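Read the structure below first, then the notes.
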Amino acid sequence: MSDPETDGGTAVSEGPDPEPFGGQVGDLYRTVRDHELSVVVGSAVFLLFFPFLLVDGLEVVNGLLGDPGIGGYEGLASLVLIYGIIVVGYNLLLGYTGLLSFGHAAFFGTAAYVTGLVSSTTEISFLGLSATMPGITSPLAMILFGTLFATLLAWPIGFMSIRRSGVYFAVLTLTFGQMLYFFALGPGAGITNGDNGFSDLNVGELFGFINLDGLVPFVGKMEYVFIAVLFLLALTVANRIINSPYGLIFKALGENEQRVEFVGLNVFRYKLMAFVISGSFAGLGGSLFAIHEAFVHPSTALYWIQSGDFVIMTVLGGTGSLVGPVFGAFIFEYISNVISGTTLPVIGQVGSLWRLILGAVFVAIVWVFPRGVYGGLVDIKNFIAGQAVDALRSDESSPPAEPEQGGDD
Amino acid sequence: MVLETAIEILLNGLQQGAIFALLGIGLSVILGTMDFLNLAHGALYLIGGYAGMYFIRETSLSAGYLNSIGVDAIGLGLGFAAAMILVPVFGFIVGLLMERYVAEPFYDRPETDQLLVTFGLALIVQEVIKGMLGGNTFQPTAPTTLFGINVGGPVMLPIIGNYPQWRLYLVGIALFVIGLTYLVIEKTDFGLVVQAGTHDSEMVRMLGIRINRSYSLVFAMGAALAAFAGLIGVSFQTVSPQIGTERALIPAFLVLVVGGAGSVIGAIFGGFVLGITVAGMTVLASQWAQIVLYAVAAGVLLFRPEGLFGSKGVVE
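Following this line, the structure appears as structure tokens:
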């Protein structure tokens, strides 16, 4: 929505133009900013400092506030990025094509189990058949297997679910996800170890010589670097999709499906691809989650509440923008892991009440801020920039000239 | 032996099915008339269950906020008969408030927003109850006497032997309420408006009928039924904050799917089909019970999207 509306090649700007800078510097700034990769490079720079800000930065804030226990910890950064990958992909489905899935835990959880299983040497059995797992411990291979499996699973589930729309789509994805959950808990316990959870994960060294538990100066564990690199990769792919004609069709589907059909495009195929792509992002996240936690349980991997959490994160952060959902993932994980351990002035010990806080924040966001936290931040930025432009213009006391950056074809 | 199992399945299926049907009717009629999908429908069941427990007996607390400020036990101890009146009334009021303050602002917003806001609301209700009373599981509230009749203890049935007597009564009570609802929808003017609303609400409005008033009534009625289902449910199943989603919301959705949106008879039928399916699978292959339940719903949704009784127009 914040993108400039185009009208057959001419940019139509609405309201005051928030670009105070002119000249060469301003042009350079805009060229850099508008370059597609700038968001990835910017994220990379931020990720370098993210653990530091989260641990040391919040520690300082925590100290200033009299130690209410709001400081972050190292593993949180990895967790935020893992969920970040999932919601960036999920947003392609919800934020762009407008399909609300309540079944993405299926891909997350399946990938987590597959990642764990290929790395173990346990004997699995199902319906009298049994097999010994190969024990492939290369992290990249584990992730590849997990993600591939999730993608292959997303195909048939998407193929069936997309035949229905709206509520019925949501219910169908939910039923498939729940079937997998109950399968992992009951009949499939010979494979998944059921309610006891799967813990036989063996994570080897990356490329045969990098230990993921090793330490890297300043940023912390090597595992974080590994996850951050994959996060950037996922972000780049999602960014490419969004900025491609293909992604434009996703967006068009969300706005008016019928028109897309009238133009002659195969709506079903594009919806299916959006579903499969988001499923493979969830799979990548699930694989990393398994490696990070070294434990997979049906209720944290496959239960529908987990799917609901992806929805909450995405909507909280803001649908329809590349990085918005990542803000949601951060807020969600921060509330569930840090705020839950604090003691607040009115409520007292937060403990398990964190979901209540989250629910309240979520409802408020849906109600008054459908574009999420990120959308709100963008609005505030534009407002301030707009004010600044107005101030500059009145100083120069020149008539508000039309912006020269008009037709960048 | 086979006959024994079959009767047991049928009885258990009727109990479960009656609850599913009560839940499904409300969800289905609300969706059918006002195109509003309520993910907080399970929360109404949860509210009904806890309200029932509160009215019926005194329950001692061992966790939660109330316990931490020194409340050891809550409950009015009015008995089951009083709860049968109070719980639906309470549910009705909650439904009216919910329609006015949650549903109405979202009638014109996209379907996704409706799903999201009610999903958040369900989360809040569940967490408030959990925060207040703790996440403990409480025992069922089965009464021993009702209106002076002894309903507790076992009863001797032919073929299967001893069976908890209350479970038979609860099926009777639930069937009575379901029948009453069916009559209201089929035989009264109000029901006629509601039925017309499921087909074409715009037309009804153009005929000069104040459908908005009927909307709030339908919503409140659905809420009262869900709360009543909660009361019946906790009389033979345990009470915990998760029952709203696990035992109510998801089954209600499956009933909706099987029965078809907007169809009362479909919801009743769908409820019993799913109830007996679950009961049957629980006896025959308990590990697969839930999986089969979902598979039935998915199958109906894929091959007969209008449900077994729904009109074709409701599903896009």
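Read top to bottom, the protein sequences are chains A and B.
Residues in the first sequence are numbered from 1 upward in steps of one, following full-length UniProt numbering.
Residues in the second sequence are numbered from 1 upward in steps of one, following full-length UniProt numbering.
Heads up, the beta-carbon is just placed ideally off N, CA and C, and yes, glycines get one too.
None of these values were measured; they are calculated from a predicted model.
- Contact check for A/Leu288 and A/Ile82: beta-carbon distance about 5 Å, within the 8 Å limit, so the pair qualifies.
- If one requires a minimum length of 4 residues, the alpha helix (DSSP H) runs lying completely within the stretch 67-119 of chain B are 80-98, in chain order.
- A/Leu58 is the residue among A/Gln24, A/Arg33, A/Leu58 and A/Leu48 whose C-alpha sits nearest the C-alpha of A/Val338.
- DSSP places B/Gly24 in the helix class (H, G or I) of the three-state scheme.
- Secondary structure note for A/Asn266: it is in no beta strand (DSSP E), with a DSSP letter that is neither H nor E.
- Within a 10 Å sphere around the beta-carbon of A/His292 sit 16 or more other beta-carbons, which makes this residue buried.
- Excluding its 5 nearest sequence neighbours in each direction, A/Ala112 has C-beta neighbours in its own chain below 8 Å: Gly146, Gly286, Ser287, Phe289, Ala290, Val296 and Ala301, listed in chain order.
- Judged by beta-carbon spacing, B/Ala229 lies within the 8 Å limit of B/Leu23, meaning their Cβ atoms are closer than that value.
- For B/Val273, the enclosing alpha helix (DSSP H) begins and ends at Val264 to Ala285.
- Contact between A/Leu172 and B/Ala252 is absent: CB atoms are separated by about 16 Å, not below the 8 Å threshold.
- Scanning chain B for C-beta atoms nearer than 9 Å to the C-beta of A/Val216 yields nothing, as the closest lies near 38 Å away.
- Sequence-distant partners of A/Ser38 (beyond 5 residues in either direction) whose C-beta falls short of 8 Å from its own C-beta, in its chain, are Val32.
- Burial state of A/Thr121 is exposed, judged by a 10 Å Cβ sphere holding fewer than 16 other Cβ atoms.
- A distance below 6 Å between beta-carbons, with the five flanking residues on each side excluded, links B/Gly244 to the following residues of its chain, in chain order: Gly42, Ala43, Tyr45, Leu46 and Gln126.
- Within the stretch 186-197 of chain B, no residue has a Cβ lying closer than 9 Å to any Cβ of chain A.
- Within the stretch 92-114 of chain A, those residues whose Cβ lies closer than 8 Å to any Cβ of chain B are, in chain order, Leu94, Gly98 and Leu100.
- B/Asp35 has its alpha-carbon roughly 13 Å from the corresponding atom of B/Ile211.
- Contact check for A/Gly317 against A/Val326 passes: the beta carbons are separated by less than 8 Å.
- For A/Leu272, no Cβ of chain B is located within less than 8 Å of the residue's own Cβ.
- DSSP places A/Tyr90 inside the alpha helix (DSSP H), whose first and last residues are Glu74 to Asn91.
- Contact of B/Phe253 with chain A by beta-carbon distance below 7 Å involves Val171.
- For B/Val128, the residues of chain A that pass the 7 Å Cβ criterion are Leu356, in the order they occur in the chain.
- Taking a Cβ-Cβ cut-off of 7 Å, the neighbours of A/Leu353 in chain B comprise Glu127 and Gly131, given in sequence order.
- Below 8 Å, enough C-beta pairs join the stretch 287-302 of chain B and the stretch 164-178 of chain A to call them touching: three or more.
- Comparing alpha carbon positions, the residue from B/Thr141, B/Gly222, B/Val296 and B/Gly270 closest to B/Phe309 is B/Gly270.
- In this structure the stretch 107-121 of chain B does not touch the stretch 188-202 of chain B; the number of beta carbon pairs closer than 8 Å is below three.
- The continuous beta strand (DSSP E) containing A/Ile124 extends over residues Glu123 to Phe126.
- Secondary structure of A/Ser161 (DSSP, three-state): helix.
- A residue is called buried once 16 or more other Cβ atoms fall within 10 Å of its Cβ, and A/Pro139 is buried on that count.
- Contact check between the stretch 46-61 of chain B and the stretch 124-140 of chain B: three or more CB pairs, one atom from each, fall below 8 Å, which counts as touching.
- In this structure, DSSP gives B/Val155 an extended state, which the three-state scheme calls strand.
- In the structure shown, the three-state DSSP call for A/Thr115 is helix.
- The beta carbon of A/Arg259 does not come within 8 Å of any beta carbon belonging to chain B, so the residue lies off that interface.
- At a cut-off of 8 Å between C-beta atoms, B/Trp288 counts as an interface residue with respect to chain A.
- If the five residues before and after A/Asp213 are omitted, its C-beta is found closer than 8 Å to the C-beta atoms of Lys221, Met222 and Glu223, all from its own chain and listed in chain order.
- With respect to the 8 Å criterion, A/Leu248 and A/Tyr270 are not classified as neighbours on the basis of their beta carbons.
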